[in-house]
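Undergrad: Here it is, the structure in full.
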RNA sequence: GUCCCCAUCGUCUAGCCUGGCCCAGGACAUCGGCCUUUCACGCCGAAAACAGGGGUUCAAAUCCCCUUGGGGACGCCA
């Protein structure tokens, strides 16, 4: 039997990192097994589900490179299937109609609560209000005693007492299925073989097992992965800052960094930290998935991101940076100059935005000097030195790094200055600030004319003694 | 409150299933050093954990129990 996994988000917001991790695990598991990965949208909550959100989720998945083989299916388009299954259960006596109103139920629930209890509804008020035109829900008739066992691939057998499970609703009065029912009907009819999902669903699983059994469907292999927590050990939420995948995209993160990072949250392969997508597919198995919750560690994500920025081909990084520059009003082409710049800047960037924010002086027609840098390094005594450098550089017929080195060596020797004394003023002259790639690299990128122009410009702004 | 899950450095984790090779390994972050024309990168090094208590055993991070701690769930939400 071919492996079929699924990712089933509810479209009530954009894809957050927790959901992305679940999607990644399912996707990796399917790809590893050469099976299929299905996308299903669980939009039975009519109040909160939006089309926009579906688009946001699929966009994020595409950006991450999580391709799906079927779907996105919408549960809202499968109502007949759920109703048919509900009727099946009605006919077989596994389910019954219940006429209690939500308000009445609320009251009962409050009563129970005031007794310090939880309402465990076992069909006692089903016939209350019964009548031909009275709206009703359909509930599953659950066992009154005994236990319900859940087989979990990660946690073994988990046993629940039947009294813990009440006669839950499978079909709401609006004819929509509830989550537990829709999930089971879908997973069964879509032939899902492996359900990998968050830990928070483990508590739902006895209910789902009951539905599978009542419907005579086989229970798929279940694996409940533990959740991702914020730095305060609470379930990751908006409170913790950026939690959506697009937020990270917008902050200059690379999809491979996110995939790599999220894969390693709850899964590991010995001591290895860096995984390409292909490697993940090859190495991912449920055996190496851990059971304890993992804290989302932004610093490690950042480290991975900087790793990929450093090690990805500069052409690729350049292509990602170009649109960011455009947003800032800087139109640049993917040429040799940009590649050289990226090679340098990617060494010191943690995100694509770091590159975007430190690239300006390479393209500026006029250098803006940082006040502090100018005051510290562009002083009158350096003026003749800069002039000397301009003269010597002007004479170079071949403006390459070797020749530049020779020029600087010569100046250093003649004037008995250390490179540091010369390099910083030159850096300020060329870039306007004190932080940049190596000075010779910068000169190489700018080219002879621009270097000389900028040095001359700096000389002109230095006051005479 | 009830039920369910979980428990190794601050964080992600290896080791646990199949006890001894573990006075516990790697990575991020931190701190120190080296490199150096700035900032980074890189390299070297340091500090840092088996939650506690009982068992079982010649031997326990590894198996069992209890306690504690953390998380999750208790909806006509998903």
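Residue numbers (this note's numbering): 145 to 609. Think of the CB as a built atom: it goes at the ideal place given N, C-alpha and C, for glycine as much as any other residue.
Have a look at 412, 551, 376, 417 and flag the residue whose alpha-carbon is nearest the alpha-carbon of residue 428.
TA: If we check each option's Cα against that of residue 428, 412 comes out closest.
Undergrad: Going by beta-carbon coordinates alone, are residue 182 and residue 329 separated by less than 8 Å?
TA: Taking 8 Å as the Cβ cut-off, residue 182 and residue 329 do not qualify as a contacting pair.
Undergrad: Take the Cβ of residue 494 as the centre, count every other Cβ of all protein chains shown within 10 Å, and call the residue buried at 16 or more, exposed below.
TA: Looking at its Cβ environment, which holds 16 or more other Cβ atoms inside 10 Å, residue 494 is buried.
Undergrad: Starting from residue 215, trace the beta strand (DSSP E) both ways and give me its first and last residue.
TA: Run containing residue 215: 214 to 218, per the beta strand (DSSP E) assignment.
Undergrad: Going along the chain, which residues of its own chain have a beta-carbon closer than 7 Å to the beta-carbon of residue 589, five neighbours each way excluded?
TA: For residue 589, where only same-chain residues beyond five positions count, the Cβ hits under 7 Å are 481, 484, 485, 506.
Undergrad: Output the residue ranges of the beta strand (DSSP E) runs that lie fully inside the stretch 309 to 347 and measure 3 residues or longer, sorted by chain position.
TA: 313 to 315, 338 to 342, all fully within the stretch 309 to 347.
Undergrad: Run through DSSP, which three-state label would residue 304 get?
TA: Strand, per DSSP.
Undergrad: Going by the CB atoms, is the gap between residue 418 and residue 451 shorter than 8 Å?
TA: For residue 451 and residue 418, yes; Cβs fall inside 8 Å.
Undergrad: What span of residues does the beta strand (DSSP E) with residue 431 cover, start to end?
TA: Neither: residue 431 is in no beta strand (DSSP E) and is coded neither H nor E.
Undergrad: Our contact map puts residue 465 next to residue 496 with C-beta atoms below 8 Å; I'd like the distance itself, whole angstroms only.
TA: With a Cβ gap of about 6 Å, residue 465 and residue 496 count as contacting.
Undergrad: Among residues of its own chain, excluding the 5 on either side of residue 331, which ones have a beta-carbon nearer than 8 Å to its beta-carbon?
TA: Here the set comprises 150, 339, 364.
Undergrad: By the DSSP assignment, the alpha helix (DSSP H) with residue 446 in it spans what residues?
TA: Residue 446 -> alpha helix (DSSP H) spans 442 to 455.
Undergrad: Do residue 184 and residue 152 have their CB atoms nearer than 8 Å?
TA: Result yes, Cβ atoms of residue 184 and residue 152 sit closer than 8 Å.
Undergrad: Expressed to the nearest angstrom, what Euclidean distance is found between the alpha-carbon atoms of residue 379 and residue 527?
TA: Between residue 379 and residue 527, the C-alpha separation is close to 60 Å.
Undergrad: Does DSSP put residue 274 in a helix, in a strand, or in coil?
TA: In the structure shown, residue 274 sits in coil (DSSP, three-state: anything other than H, G, I, E or B).
Undergrad: Give me the residue from 541, 283, 321, 441 with the minimum Cα distance to residue 313.
TA: When each option's Cα is compared against that of residue 313, the closest is 283.
Undergrad: Just the Cα atoms here: how many angstroms apart are residue 216 and residue 186?
TA: Their backbone Cα atoms lie some 10 Å apart in a straight line.
Undergrad: So the beta strand (DSSP E) residue 149 belongs to, where does it begin and stop?
TA: Note, residue 149: beta strand (DSSP E), 148 to 151.
Undergrad: If we count the other Cβ atoms within 10 Å of its Cβ and call it buried at 16 or more, is residue 246 buried or exposed?
TA: It counts as exposed.
Undergrad: Are residue 305 and residue 291 touching if we call contact CB-CB under 8 Å?
TA: Yes, these two residues count as a Cβ contact at 8 Å.
Undergrad: Is the CB-CB distance between residue 373 and residue 438 below 8 Å?
TA: In this structure, residue 438 lies closer than 8 Å to residue 373 by Cβ.
Undergrad: I need the boundaries of the beta strand (DSSP E) containing residue 295, first residue and last residue.
TA: Here the beta strand (DSSP E) through residue 295 covers 291 to 296.
Undergrad: Verify whether the separation of the beta carbon atoms of residue 467 and residue 487 is less than 8 Å.
TA: Contact: no.
Undergrad: Just the C-alpha distance for residue 211 and residue 145, rounded to the nearest angstrom, thanks.
TA: When rounded, the distance between both Cα atoms is 21 Å.
Undergrad: Quick check on DSSP: helix, strand or coil for residue 184?
TA: Residue state, collapsed to three classes: strand.
Undergrad: Where does residue 279 land, buried or exposed, given buried means 16+ other C-beta within 10 angstroms?
TA: Per the 10 Å Cβ criterion, exposed.
Undergrad: To which residues of the same chain is residue 295 closer than 7 Å at the C-beta, ignoring the five residues directly before and after it?
TA: Cβ neighbours of residue 295 beyond the five flanking positions: 301, 366.
Undergrad: Below 8 Å on the Cβ atoms is my guess for residue 324 versus residue 352; work out the distance and round it to an integer in Å.
TA: Their Cβ separation, rounded to whole angstroms, is 5 Å, which keeps residue 324 and residue 352 in contact under 8 Å.
Undergrad: Spatial neighbours of residue 573 within its chain, please: CB distance less than 6 Å, with the 5 preceding and 5 following residues excluded, ordered by chain position.
TA: So the qualifying residues of the chain are 598, 599, 602.
Undergrad: Quick one: grab the DSSP three-state call for residue 254.
TA: It is helical.
Undergrad: Using the rule of at least 16 other Cβ atoms within 10 Å of the residue's Cβ for burial, across every protein chain shown, is residue 545 buried or exposed?
TA: Classification for residue 545: exposed.
Undergrad: Since I believe residue 299 is in contact with residue 516 (beta carbons under 8 Å), could you give me their beta-carbon distance rounded to a whole number of angstroms?
TA: Actually they do not touch by this definition, with Cβ atoms about 59 Å apart.
Undergrad: Assuming contact is defined by CB atoms lying nearer than 8 Å, are residue 453 and residue 406 in contact in what I supplied?
TA: Against a cut-off of 8 Å, the Cβ pair of residue 406 and residue 453 comes out as no contact.
Undergrad: Decide if the stretch 564 to 571 is in contact with the stretch 519 to 533; the criterion is three or more beta carbon pairs, one per stretch, under 8 Å apart.
TA: The stretch 564 to 571 is in contact with the stretch 519 to 533.
Undergrad: Which same chain residues, not among the five before or five after residue 540, have their C-beta less than 6 Å away from its C-beta?
TA: So the qualifying residues of the chain are 547.
Undergrad: Thinking just about the alpha-carbon of each residue, which of 456, 223, 500, 460 is nearest to the one in residue 475?
TA: Ranking the options by Cα distance to residue 475, first place goes to 500.
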